[in-house]
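Enquirer:
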Amino acid sequence: MKLKSVCLSMGMLVSSAQACGYVPVDLLNWTRYYADAYQVNRQLLLSVLWTENQFCNRTSSKGALGIAQIMPGTAKDLRVNPLDPVQAIHGAAKYLHQLHGRLGSWELAVAGYNAGPGAVQRAGGMPDNGETPQYVEKVKAYYRYFAAAPAYR
């Protein structure tokens, strides 16, 4: 069993110096702070961040940046540096809040985070593109895990 799997299953928290496949304590605290500031469920924000990149500060093949995998144009609109983990968490919380207001539900907000709000609106709901429904189900699965683990509340 990989160390990251053991740490995640045991609810272990580590510092951001060891981030990538772990939930760093300092970033967990920022996740709580920005979730509360933008009225986003803490475990939902954490689940999106984990699903996106497992707290790894990388660039995707599609150009999404940082731990929250924010596209450059979206980062500019949100006025955050997506490669700075704290700003990325801020941007993710703010974006989820905006998407919820625009799309009307948290499930569609998560779908919009993955596919973009335009794709959700064009589909009249969940895009039937294969990737987005699977992404939303992954977020839900991680949400159940994080909601049940006392260390992540």
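The sequence shown maps to residues -19 to -1, 1 to 134 in mature numbering (1 follows the signal peptide of the UniProt record, and there is no 0).
Every residue gets a Cβ at the ideal spot worked out from N, C-alpha and C, and that includes glycine.
1. Nearer than 7 Å: is that true of the beta carbon of D109 relative to any heavy atom of the ligand ATP?
2. Please name the residue in G82, L9, N95, L64 whose C-alpha comes closest to that of D109.
3. Taking all protein chains shown into account, do 16 or more other C-beta atoms lie within 10 angstroms of the C-beta of S28, making it buried, or fewer, making it exposed?
4. Using C-beta distances below 7 Å, list every residue in its chain close to R13, excluding the 5 sequence neighbours before and after it, in chain order.
5. With DSSP run on the structure shown, which of helix, strand or coil describes I48?
6. Please classify G72 as buried or exposed, where buried requires at least 16 other C-beta atoms within 10 Å of its C-beta.
7. Assuming W31 and Y116 form a contact by the criterion Cβ under 8 Å, report the distance between their Cβ atoms to the nearest whole angstrom.
8. From P114, G97, G82, pick the residue whose C-alpha is nearest to that of Q50; which is it?
9. With a cut-off of 8 Å on the beta carbons, I'd call N34 and P66 a contact; round off their distance for me.
Expert: According to the data block:
1. The ligand ATP is absent from the structure shown, which contains no ligands of any kind.
2. Per the Cα distances, N95.
3. S28 should be labelled buried.
4. So the qualifying residues of the chain are R23.
5. In this structure, DSSP gives I48 a state outside helix and strand, which the three-state scheme calls coil.
6. Of the other Cβ atoms in all chains shown, 16 or more fall within 10 Å of the Cβ of G72; this residue is therefore buried.
7. Not a contact, Cβ separation roughly 12 Å.
8. Checking every option, the nearest Cα to that of Q50 belongs to G97.
9. That belief does not hold up - the Cβ atoms of N34 and P66 are roughly 10 Å apart, past 8 Å.
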